[in-house]
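Q: Structure provided below as structure tokens; questions to follow.
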Amino acid sequence: MSGTVERERGTAAGTGRALPVVGDRPAAPDLGLMRVALIGNPNTGKSTLFNALTGMRQRVGNFAGVTVERVEGYYRGPDGRRVTVLDLPGSYSLSAGSPDEEIALEVLLGFGQNEPLPDVVVVVADAQHLERNLFLTSQILELGVPVVVALNQIDAAENAGTRIDVPELIHELGVTVIPTVAKRGEGVDHLRRAIAAAPDLPRPERKFALPPAIATALAPLARLVRDAGWASEAADMEALRLLAVPAPESHLAAVPGLDRALAAARAAVTASGRSPRSVEAELRYEWIAGVVDRTVTHPPRRERTTSDRIDAVVLNRFAGPVIFLVLMALVFQAIFTWAQPLMDAIEGTVSWLGTTVGAMLPPGDLQSLLVDGVIAGVGSVLVFLPQISILFLFIGILEDSGYMARAAFLMDRLMRRVGLHGKSFIPMLSGYACAVPGIMATRTIENPKDRLATMMVVPLMSCSARLPIYTLLIGAFVPPIAVLGGLDLQGVTMLVMYLLGTVSALAVAALFKRTLLRGPMRPMILELPPYRWPSAKTLALTVWQRAKLFLRRAGTVILSLSIVLWAMATYPKSAPTPGLAPQAQQERQLEHSALGRVGKVIEPAVRPLGYDWKIGVGIASSFAAREVFVSTMGTIYGVGDADQTSAALREKLRSERNPVTGAHVYTPLVAVGLMVFYVYALMCMSTVAVTVREAGGGRRGWSWAALQFGYMLALAYAMAWLVYHGGRALGFGP
Amino acid sequence: MFSFLRKRKSLPRQAVVTAPDVVATALVATAAAPVAGSCSLAACASGARATVLTMGCGDAEACRLRALGLCEGASVSVVEKRHCMLLEVRGARLALGAAITAGITVLPQPR
Chain A
219 MSGTVERERG TAAGTGRALP VVGDRPAAPD LGLMRVALIG NPNTGKSTLF NALTGMRQRV
279 GNFAGVTVER VEGYYRGPDG RRVTVLDLPG SYSLSAGSPD EEIALEVLLG FGQNEPLPDV
339 VVVVADAQHL ERNLFLTSQI LELGVPVVVA LNQIDAAENA GTRIDVPELI HELGVTVIPT
399 VAKRGEGVDH LRRAIAAAPD LPRPERKFAL PPAIATALAP LARLVRDAGW ASEAADMEAL
459 RLLAVPAPES HLAAVPGLDR ALAAARAAVT ASGRSPRSVE AELRYEWIAG VVDRTVTHPP
519 RRERTTSDRI DAVVLNRFAG PVIFLVLMAL VFQAIFTWAQ PLMDAIEGTV SWLGTTVGAM
579 LPPGDLQSLL VDGVIAGVGS VLVFLPQISI LFLFIGILED SGYMARAAFL MDRLMRRVGL
639 HGKSFIPMLS GYACAVPGIM ATRTIENPKD RLATMMVVPL MSCSARLPIY TLLIGAFVPP
699 IAVLGGLDLQ GVTMLVMYLL GTVSALAVAA LFKRTLLRGP MRPMILELPP YRWPSAKTLA
759 LTVWQRAKLF LRRAGTVILS LSIVLWAMAT YPKSAPTPGL APQAQQERQL EHSALGRVGK
819 VIEPAVRPLG YDWKIGVGIA SSFAAREVFV STMGTIYGVG DADQTSAALR EKLRSERNPV
879 TGAHVYTPLV AVGLMVFYVY ALMCMSTVAV TVREAGGGRR GWSWAALQFG YMLALAYAMA
939 WLVYHGGRAL GFGP
Chain B
312 MFSFLRKRKS LPRQAVVTAP DVVATALVAT AAAPVAGSCS LAACASGARA TVLTMGCGDA
372 EACRLRALGL CEGASVSVVE KRHCMLLEVR GARLALGAAI TAGITVLPQP R
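Those sequence lines, one after another, are chains A and B.
Counting from 1 along the first sequence, just add 218 to a position and that's the residue number in our numbering.
Counting from 1 along the second sequence, just add 311 to a position and that's the residue number in our numbering.
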């Protein structure tokens, strides 16, 4: 296609190495396909514009080798060509240093892994904050690729009394500028036409001249970069940009002698009386000030905006935390209760499907595999879907409205004490409902180490799957004695379990941040965007994408593990005993199976905690999903389809005695120890699968997931041991 | 290199107000010597306006701040001061930690 950017070929003179030559990158094939990259500052409505351009035709994944999310969509251009749009991560500049921004730079320079150079770059600029947005725009204009500027949220700027002279702005920037209101789809057709025409227009270039001393200082560095394969314009942009960056990014590693040339350029700039670190920003903002002066008319005096008024309340020292807690309680409540009818419906459907399939097939291993393995396994994943969808709906509303940044600001002080960022709070809170969406919600944390540390501790927050275990054991062993106000001992015990998980999560996060994930404590730098009404379409697409991602990726792992677990509980088979009741037969089969044998094998390991082999089987069977512990106990004690409120099961547990000593197996101390064990133990396949993916996938992902599983199991064992033996030493049990 | 900035931390917490015409020459002068009337951004009170003279924070943070519009020569308004600072820069609102604001030298503007 003619729109494919032609780049100068560089030579890797004298290096003998295969250097990345931009012209040799996999350019878009000439098959009537056009590739567009969408870039812009965060909170400019970039994703809304992306949705308006592409609709539901989107695919979400990760950029190769990193956990930075890659969202691509497509549409049919006005000339009938298929146009693929890559939504690059929100970036304040090409050198602001986050992994997201590094990816954006690599893609725009044609160095992204398996990412062809885009034919057109669309810069989404917020009309309300044009001055700040033009910084990134000015860098993009110097890449030598066709550029279209989408002047988004033009309505908000006009409502605030700001007028932008668009024809004059086109003249100043030298590229097409299209005013848009993405959430209403205004200007999107014009934008599509401008994208189609952009490759045939003259390439944009730097709009300001460097002072002679700076130009001379940068010339050798720009030449070096150009010789390594960069286009002429891009090399000039890189040379100026590199002066300010703390360290050259990985895509520059192949440029020979870069460090020496950069040091020389910095020294020459310093000798000219300017600071090399600040010269790029000074020159760009100087040019931008002139552009804004000539194109933007601000209202005579700055009025107090709606955002200012909301912030006066929401960020108030006293009202702010209260509003935050109320909002979080609402989110928590919604995840807990609103999801319940949907979860019940899914469980009902899965159960109906299992019964139907079971009735269609003759009893046997195939029937058991399909019903107990596949359908029950997949059902155990599907049941989380309502919670995930509701959580991401709320996260989307909080993000798109601008409140999320305020929440991070309010919580920053508390979270900073354990070495985390304010943004870690929301995923940790989500963990109360379910660790799976909680871990997925860590995507909002930019710093990879903070993100990993948060991911590692989210499962310590007591999730809804622990509730059946707490309910069963508290109901059976903790008397309902009134303790405080309206609370009884049962309620206090439940509260203690939740608090134990929360305090432990903060403590373990602090430990990770001081050891394995040690890194400089990043001071808070946070933009508080203006409040906006979220777009319903964008919210719906976000929830849909998250749901799809969860089902596709986690589902495959869960399915395989479910089948393995089914096989372990089914084989080897015990011979049927004539006259034995089905429940008793089932109990015998479980004891005889590989899983039962595992229970026997691990009995010596769990005995120091006061447990017998049956509890061992319960623990072993709940490795996939902790709530299975309750149904396994039901099976073992022949109570059938028991749930946490089953009086029969509670009675069985209370009366269970050791066949050798005659002592009670379950004492209150053993029950509390067992609850403490489940506070800490990570027994959830879904969480493991999601951690693998969110921690980077492959070996890296599995390593972090293994560490997470291992440390939580060790902690669970140690704490349960401590409770049992400490309690005995204090005279709380035999 | 920025040792003079550390000494500036002991300045009175109230922003010092000086004539704005100093600002133009101050940007050049700060590289060599402190400017009369300058102070750390952390020392500015709520409601103060100031012009940034130097960015004495880490290179990575300074690079990010410049991309956010907070750079040498930029005019900032202190919206609120608490454990961190709420600022308005080029029409955008930023929240900056104390470690950052302590390293930024500004020249307060008259009210």
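Yeah, the Cβ is synthetic: ideal placement off N, Cα and C, and Gly gets one too.
Predicted model, so just to flag it, every value in this text is computed and none were measured.
(1) Once the 5 residues before and after A/I608 are set aside, which same chain residues still bring their CB inside 7 Å of it?
(2) May I have the straight-line CA-CA distance separating B/C350 from A/L352, to the nearest angstrom?
(3) Does DSSP put A/Q807 in a helix, a strand or coil?
(4) In angstroms, rounded to a whole number, what distance separates the CA positions of A/S312 and A/L808?
(5) Within 8 Å of any Cβ in chain B, is that where the Cβ of A/Y310 sits?
(6) Quick one: is A/V761 buried, meaning 16 or more other Cβ sit within 10 Å of its Cβ, or exposed?
(7) In the stretch 536-587 of chain A, which residue ranges form an unbroken beta strand (DSSP E) of at least 3 residues, counting only runs that do not cross its ends?
(8) Give every residue of the same chain whose Cβ lies closer than 6 Å to the Cβ of A/N876, excluding the five residues on either side of it in the sequence, and list them in chain order.
(9) Using DSSP with H/G/I as helix, E/B as strand and the rest coil, what is A/N377?
(10) Expressed to the nearest angstrom, what Euclidean distance is found between the alpha-carbon atoms of A/V575 and A/G597?
(11) Give the straight-line distance between the Cα atoms of A/A924 and A/P686, rounded to the nearest whole angstrom.
(12) Among B/G384, B/L397, B/Q420, which residue has its Cα nearest to the Cα of B/A409?
(13) Under 8 Å between beta-carbons, which chain B residues line up against A/S313? List them in chain order, please.
(14) So which of A/A322, A/V254, A/I321 has the shortest CA-CA distance to A/R300?
(15) Hey, how far is the Cα of A/G298 from the Cα of A/V365?
(16) Helix, strand or coil for A/K791? Go by DSSP, reduced to three states.
(17) Are the stretch 399-417 of chain A and the stretch 525-541 of chain A in contact at 8 Å, needing three or more beta carbon pairs?
(18) If you count every other CB in all the chains shown that lies within 10 Å of the CB of A/R635, and 16 or more means buried, which is it?
(19) Could you pull the DSSP bridge partners for A/V340 from this structure?
(20) What do you get for B/V339, buried or exposed, if any count of 16 or more other CB atoms within 10 angstroms of its CB means buried?
(21) Between B/L405, B/P421, B/L418, which lies nearest to A/R350 when the distance is taken from Cα to Cα?
(22) Under 8 Å by Cβ, that's how I've got A/A727 and A/T672 pegged, so tell me the actual separation to the nearest angstrom.
(23) Who are A/Y292's beta bridge partners in DSSP?
(24) Is DSSP giving A/A700 helix, strand or coil here?
(25) Does the separation of the CB atoms of A/E500 and B/C382 fall below 8 Å?
(26) Between which two residues does the alpha helix (DSSP H) carrying B/K392 extend?
(27) Answer with buried or exposed for A/N332, where buried requires no fewer than 16 other C-beta atoms within 10 angstroms of its C-beta.
(28) Between the beta-carbon of A/A483 and the beta-carbon of A/A435, is there less than 8 Å?
(29) By a C-beta neighbour count over all protein chains shown, 10 Å radius and 16 as the cutoff for buried, is A/D344 buried or exposed?
(30) Put A/R421 into one of helix, strand or coil per three-state DSSP.
(31) Taking Cβ positions only, does B/L407 come closer than 8 Å to chain A?
(32) Could you name the residues of the stretch 348-368 of chain B whose beta carbon sits closer than 9 Å to any beta carbon of chain A, in the order they occur along the chain?
(33) From A/M901, A/V782, A/R277, pick the residue whose C-alpha is nearest to that of A/F847; which is it?
(34) Determine, using beta carbons only, whether A/Y503 comes closer than 8 Å to chain B.
(35) A/Q357 and A/R459 look like a contact to me (Cβ under 8 Å); what is the Cβ gap, rounded to whole Å?
(36) In angstroms with no decimal places, state the Cα-to-Cα distance between A/F542 and B/E372.
A: From the atom records:
(1) As a working mapping, residue 608 of chain A is identified with position 390 in the first sequence. Same-chain partners within the cutoff: A552, I553, W556, A557.
(2) Reading the second sequence from its first residue, position 39 is the one you call residue 350 of chain B. Reading the first sequence from its first residue, position 134 is the one you call residue 352 of chain A. Cα-Cα distance, rounded: 29 Å.
(3) The sequence position of residue 807 of chain A within the first sequence is 589, counting from 1. When DSSP states are grouped into helix, strand and coil, A/Q807 belongs to the helix group.
(4) Here residue 312 of chain A is taken as the residue at index 94 of the first sequence, counted from 1. Here residue 808 of chain A is taken as the residue at index 590 of the first sequence, counted from 1. Rather than Ser, the amino acid found at residue 312 of chain A in this sequence is Leu. When rounded, the distance between both Cα atoms is 60 Å.
(5) In the first sequence, the residue the question calls residue 310 of chain A occupies position 92. By this cut-off, A/Y310 is an interface position.
(6) In the first sequence, the residue the question calls residue 761 of chain A occupies position 543. The Cβ neighbour count for A/V761, taken over all protein chains shown within 10 Å, is at least 16; the residue is labelled buried.
(7) Qualifying beta strand (DSSP E) stretches: none in this window.
(8) By one-based count along the first sequence, residue 876 of chain A stands at place 658. Cβ-Cβ distances below 6 Å link A/N876 to V883 in the same chain, with the five nearest sequence neighbours on each side left out; the list follows chain order.
(9) Locating residue 377 of chain A in the first sequence gives position 159, where the first residue counts as 1. Helix.
(10) If you number the first sequence from 1, residue 575 of chain A lands on position 357. If you number the first sequence from 1, residue 597 of chain A lands on position 379. So the alpha carbons of these two residues sit roughly 14 Å apart.
(11) In the first sequence, residue 924 of chain A corresponds to position 706, counting from 1. In the first sequence, residue 686 of chain A corresponds to position 468, counting from 1. Looking at the two C-alpha atoms, the distance is approximately 26 Å.
(12) Looking up residue 409 of chain B in the second sequence gives position 98. Of the listed residues, the one whose Cα sits closest to B/A409 is B/L397.
(13) As a working note, residue 313 of chain A is residue 95 in the first sequence. Neighbours of A/S313 on chain B, chain order: C374, A378.
(14) Residue numbering aside, residue 300 of chain A sits at position 82 when the first sequence is read from its first letter. Looking at the Cα atoms, A/V254 is the closest of the given residues.
(15) In the first sequence, the residue the question calls residue 298 of chain A occupies position 80. In the first sequence, the residue the question calls residue 365 of chain A occupies position 147. The straight-line gap separating the alpha-carbon atoms of A/G298 and A/V365 is approximately 21 Å.
(16) Working through the first sequence from its first residue, we reach residue 791 of chain A at position 573. If DSSP states are grouped into helix, strand and coil, A/K791 belongs with coil.
(17) Output reads no: the stretch 525-541 of chain A does not touch the stretch 399-417 of chain A.
(18) On the first sequence, position 417 is the one that residue 635 of chain A refers to. It is exposed - the Cβ of A/R635 has fewer than 16 other Cβ atoms within 10 Å.
(19) By 1-based counting over the first sequence, the position of residue 340 of chain A is 122. For A/V340, which the question treats as bridged, DSSP gives the partners A/L256, A/V366.
(20) On the second sequence, residue 339 of chain B is found 28 positions in, with the first residue counted as 1. At B/V339, the pLDDT of 45 sits below 50, so the modelled position is not reliable; the number obtained from the coordinates is stated separately. Burial call: exposed.
(21) Here residue 350 of chain A is taken as the residue at index 132 of the first sequence, counted from 1. From the listed residues B/L405, B/P421, B/L418, the smallest Cα separation to A/R350 is found for B/L405.
(22) Position 509 of the first sequence, counted from the first residue, corresponds to residue 727 of chain A. Position 454 of the first sequence, counted from the first residue, corresponds to residue 672 of chain A. Right, the Cβ-Cβ distance comes to about 7 Å (below 8 Å), so this counts as a contact.
(23) In the first sequence, counting from the first residue as 1, residue 292 of chain A sits at position 74. DSSP lists A/T302 as partners of A/Y292.
(24) Locating residue 700 of chain A in the first sequence gives position 482, where the first residue counts as 1. Here A/A700 carries a strand assignment [DSSP, helix/strand/coil].
(25) Here residue 500 of chain A refers to the residue found at position 282 when the first sequence is read from its first residue. Here residue 382 of chain B refers to the residue found at position 71 when the second sequence is read from its first residue. Their beta carbons are under 8 Å apart, which means A/E500 touches B/C382 by this criterion.
(26) Within the second sequence, residue 392 of chain B is the residue found at index 81, counting from 1. Counting along the chain, no alpha helix (DSSP H) covers B/K392; the unbroken beta strand (DSSP E) around it starts and ends at 386-392.
(27) Locating residue 332 of chain A in the first sequence gives position 114, counting from the first residue. Here A/N332 is exposed. Its C-beta has fewer than 16 other C-beta atoms within 10 Å.
(28) Your numbering for residue 483 of chain A matches position 265 in the first sequence. Your numbering for residue 435 of chain A matches position 217 in the first sequence. Their beta carbons are under 8 Å apart, which means A/A483 touches A/A435 by this criterion.
(29) Mapped onto the first sequence, residue 344 of chain A falls at position 126. Burial check for A/D344: the Cβ neighbour count within 10 Å reaches 16 or more, so the residue is buried.
(30) By one-based count along the first sequence, residue 421 of chain A stands at place 203. Three-state result, A/R421: coil.
(31) Looking up residue 407 of chain B in the second sequence gives position 96. For B/L407, the closest Cβ of chain A is nearer than 8 Å.
(32) So the close ones are T365, M366, C368.
(33) Counting from 1 along the first sequence, the entry for residue 847 of chain A is found at position 629. Nearest in C-alpha terms to A/F847, of all of A/M901, A/V782, A/R277, is A/M901.
(34) Position 285 of the first sequence holds residue 503 of chain A. Yes, A/Y503 counts as interfacial toward chain B.
(35) As a working mapping, residue 357 of chain A is identified with position 139 in the first sequence. As a working mapping, residue 459 of chain A is identified with position 241 in the first sequence. About 7 Å separates the two Cβ atoms, so the contact holds.
(36) Here the question's residue 542 of chain A lines up with position 324 in the first sequence. Here the question's residue 372 of chain B lines up with position 61 in the second sequence. Looking at the backbone, the Cα of A/F542 and that of B/E372 are separated by about 28 Å.
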